[in-house]
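Here the protein sequences line up with chains Y and Z, keeping their order. Heads up: the first sequence begins at 1 in the working numbering, then just goes up one per residue. Heads up: the second sequence begins at 113 in the working numbering, then just goes up one per residue. Here a beta-carbon is modelled for each residue, glycine too, at the ideal position from N, C-alpha and C. Read through the structure below, which is laid out as structure tokens, and then see the notes.
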Amino acid sequence: NAGVMQNPRHLVRRRGQEARLRCSPMKGHSHVYWYRQLPEEGLKFMVYLQKENIIDESGMPKERFSAEFPKEGPSILRIQQVVRGDSAAYFCASSLTEYEQYFGPGTRLTVT
Amino acid sequence: GQQLNQSPQSMFIQEGEDVSMNCTSSSIFNTWLWYKQEPGEGPVLLIALYKAGELTSNGRLTAQFGITRKDSFLNISASIPSDVGIYFCAGQSYSGGGADGLTFGKGTHLIIQP
Chain Y
1 NAGVMQNPRH LVRRRGQEAR LRCSPMKGHS HVYWYRQLPE EGLKFMVYLQ
51 KENIIDESGM PKERFSAEFP KEGPSILRIQ QVVRGDSAAY FCASSLTEYE
101 QYFGPGTRLT VT
Chain Z
113 GQQLNQSPQS MFIQEGEDVS MNCTSSSIFN TWLWYKQEPG EGPVLLIALY
163 KAGELTSNGR LTAQFGITRK DSFLNISASI PSDVGIYFCA GQSYSGGGAD
213 GLTFGKGTHL IIQP
């Protein structure tokens, strides 16, 4: 009964590189959410996806950030041309319905 | 956007004491959830509340969904060392596209003094 899985757990990128964060939801869950957490802060909603569809991306920065949840495989959060301000912990959550969300362990992105 | 005010920001208590924390919002939420996060880990769901006025328990934890839909509290009875962590409230509302992403409070740091 595996929980939400995220990889990598830690990711270091130089400014200008691309970062790809992966999330495998709990078995049977078709709703995926991405959040960003800065140190000493709460989580901030970024995007909500269902299989092959972006439902709500109101929390996503307009440039450089994109997300997908393909029919097969994990959900991907992609950050192009990373900057130091992108350094944060990125969490994925999944849910069976639209109610309770279960979180993964997160990916800590450090931009040098 | 919606904002949650969570208090207190931190709590220093003795083992065995009861703990109470709360969240208030300027807008209505359809669902309130409480999570606990430990260093280096993701938030773990503790309690979910779906109806105004609902009071729900999970072991030593009790949470209530405020009658106005704008607030919630979490109580922990007889605290033990493993209760240490950051507790977050989160509210969720439903717009035309379905359930919105969660809006989180800034967290309550619970520290238990020996």
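- Task: Answer yes or no: do residue 121 (chain Z) and residue 221 (chain Z) have a C-beta to C-beta separation smaller than 8 Å?
- Result: Between residue 121 (chain Z) and residue 221 (chain Z), the C-beta gap is smaller than 8 Å, which places the two residues in contact.
- Task: Look up residue 88 (chain Y) in the DSSP assignment and give the residues it is bridged to.
- Result: For residue 88 (chain Y), the beta-bridge partners assigned by DSSP are Y:109.
- If we count the other Cβ atoms within 10 Å of its Cβ and call it buried at 16 or more, is residue 124 (chain Z) buried or exposed? By the 16-neighbour rule on beta-carbons within 10 angstroms, residue 124 (chain Z) is exposed.
- Determine the burial state of residue 167 (chain Z): buried for a count of at least 16 other Cβ atoms within 10 Å of its Cβ, exposed for fewer. So residue 167 (chain Z) counts as exposed.
- Closest to residue 218 (chain Z) by CA distance: which of Z:187, Z:147 and Z:132 is it? The candidate whose alpha carbon is nearest that of residue 218 (chain Z) is Z:147.
- Got a sec? Which residues, its chain only, sit under 6 Å from residue 12 (chain Y) by beta carbon, not counting five neighbours each side? 110
- residue 130 (chain Z) (DSSP reduced to helix, strand or coil): coil
- Task: Could you tell me which uninterrupted beta strand (DSSP E) segments, each at least 3 residues in length, are contained entirely in the segment 124 to 208 of chain Z, listed from first to last along the chain?
- Result: 131 to 137, 143 to 149, 156 to 161, 167 to 170, 173 to 177, 183 to 188 and 197 to 204
- Query: With respect to the beta strand (DSSP E) encompassing residue 220 (chain Z), which residues constitute its N-terminal and C-terminal limits?
  - Reply: Residue 220 (chain Z) -> beta strand (DSSP E) spans 220 to 225.
- Give the DSSP-derived three-state secondary structure of residue 2 (chain Y) in the structure shown. Correct three-state label for residue 2 (chain Y): coil.
- Is there contact here, the segment 127 to 146 of chain Z with the segment 186 to 197 of chain Z, by at least three beta-carbon pairs under 8 Å? yes
- Query: With burial defined as no fewer than 16 other Cβ atoms inside 10 Å of the residue's Cβ, what is the status of residue 32 (chain Y): buried or exposed?
  - Reply: buried
- Task: Keeping to the same chain, check which residues put their C-beta closer than 7 Å to that of residue 83 (chain Y); ignore five residues upstream and five downstream.
- Result: Closer than 7 Å at the Cβ level, and outside the excluded window around residue 83 (chain Y), lie 15 and 111.
- Within chain Y, the residues that residue 163 (chain Z) reaches when beta carbons sit closer than 9 Å: The premise fails here: residue 163 (chain Z) is roughly 12 Å from chain Y at the closest Cβ pair, so nothing lies under 9 Å.
- Contacts that residue 90 (chain Y) makes with chain Z (C-beta to C-beta distance below 9 Å): Residues of chain Z whose Cβ lies closer than 9 Å to the Cβ of residue 90 (chain Y) do not exist; the shortest such Cβ separation is about 10 Å.
- Query: At a CB-CB cut-off below 7 Å, which residues of chain Y make contact with residue 180 (chain Z)?
  - Reply: In chain order: nothing, as chain Y lies at least about 21 Å away.
- How would you write the range of the beta strand (DSSP E) that residue 10 (chain Y) sits in, first residue to last? 10 to 13
- Query: Quick one: which chain Y residues come within Cβ less than 8 Å of residue 215 (chain Z)?
  - Reply: Ordered by position in chain Y, the residues that pass the 8 Å Cβ test against residue 215 (chain Z) are 45.
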